[in-house]
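Written out below as structure tokens is the structure these notes cover.
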Amino acid sequence: MLKTYRFENNRICESQEADCPILVFTGPDEAERHSLTGTYLVDEHTLASALDPDEISRLEYEPDHIAIILKRPRNYSSQDDLRFKVASIGVFIFADKLVIVMSDEIPILEFDQKRLVKVGNLKDVFLKIVFGTISHFLAHLRIINQISESLEQKINTSMENKYLLNMFTLQKSLVYYLNGISYNASLFEKLKNSVVKVGFNQDQVETLDDIIIENGQCLKQAEIYTNILSGLMDARASIVNNNLNLSIKRLTIINIVFLPITFIASVGGMSEYTLMTRSIPIWLSYLLFSVAMAGIAFGTYFVLRKINYERTKRERLPKPKRKPPSP
């Protein structure tokens, strides 16, 4: 699908004119690919790289244009199941045109009118798009951090691996983001070293410096989130195991509490107890039987609690220090 844009009062607006300076191809079909390789002389390998999500960022110089492969996060949807992925964008800068190629995994490029202001030429548009890419990464990193904090609270009381697997998915997504931001950092450094060849003016060079700083901060933030997730993953797995052990412990105590009364009830049985208490009204006999069983159960529970208390108390007592041997 093709959308065209033009300049209007130093802004970008969509247009249906035949000769627009900005062309955006989203998931190009065979006819559009043929137009890109035939009319605009875009290299087939570079075009395939622009549609390949695993391609790294790079800068290439062609006889009549500059080819740039840029990494950008995909828009997240509920069907992704906490998987944040990275895609590629191909930007081809000609003397009088700016051609942008994206895969169908990325929605149509929406130019933010608040961001794309004071754009006088095609290179200004390219730099603004790069700024938008960094902002997109930062927004997704904040979302990942919020999801991670929410999962941490659920893991503290969970006995399942569901939330732990979600944390692993977030950690994997952060690795993709970290690689994508690193690839873009290398690309921006190459652009910085080739400002004359690319044709940036002084204002655009200053904008590129701001881009490098913003991308460096974004990279640092991604590294921090990655280190936090990877460093605490073992601890979170231990929390899940500990919660499961505590539940098994409680179930074991319940089983022990009911063990003696089950033994008594199974040995005596209802018929034998009825014969033994035939001189007592049945309602009174079974009331006394129920009270006795409850007393045995509570007694067993308090004995177990006392044993556990004494063991915990011994564990908390400081160990006596060994005296150094006398000379």
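Residue numbers (the working numbering): 1008 to 1334.
Think of the CB as a built atom: it goes at the ideal place given N, C-alpha and C, for glycine as much as any other residue.
Asked	Found
Mark C1020 as exposed unless 16 or more other C-beta atoms lie within 10 angstroms of its C-beta, in which case mark it buried.	exposed
Taking 8 Å as the threshold, find out whether the segment 1166-1177 comes into contact with the segment 1211-1221 through three or more Cβ pairs.	no
When you compare each of N1082, V1310, S1286, I1271 to S1297 by their alpha carbons, which one comes out closest?	I1271
Can you look up P1080 in the DSSP assignment and give me helix, strand or coil?	strand
Given a threshold of 16 other Cβ atoms within 10 Å of its Cβ, counted over all protein chains shown, does R1081 qualify as buried or as exposed?	buried
Going by DSSP, what residue range makes up the beta strand (DSSP E) through A1094?	1093-1100
Kindly list the residues whose CB is nearer than 7 Å to the CB of L1311, restricted to its own chain and excluding five residues on each side of it in sequence; keep chain order.	I1260, I1263
What three-state label does DSSP hand C1027 in the structure shown?	coil
Check for me: the beta strand (DSSP E) holding I1063 runs from which residue to which?	No beta strand (DSSP E) holds I1063; DSSP gives it neither H nor E.
Evaluate the contact criterion for the segment 1048-1061 versus the segment 1089-1102: three or more CB pairs, one atom per stretch, below 8 Å.	yes
By the 10 Å Cβ neighbour count, where 16 or more other Cβ atoms means buried, how is P1028 classified, buried or exposed?	buried
Taking only the alpha-carbon atoms, compute the straight-line gap between A1146 and F1133 and give it to the nearest angstrom.	20 Å
If distances are taken between C-alpha atoms only, which option among Q1224, I1107, L1054, Q1209 comes closest to S1142?	Q1224
Would you report the Cα separation of F1118 and F1014, rounded to the nearest angstrom?	Per-residue confidence for F1118 stands at a pLDDT of 48, beneath the threshold of 50, marking its modelled position as unreliable; the derived number appears in the next sentence. The straight-line gap from Cα to Cα measures roughly 12 Å.
What separation, rounded to the nearest whole angstrom, lies between the Cα atoms of T1046 and D1131?	24 Å
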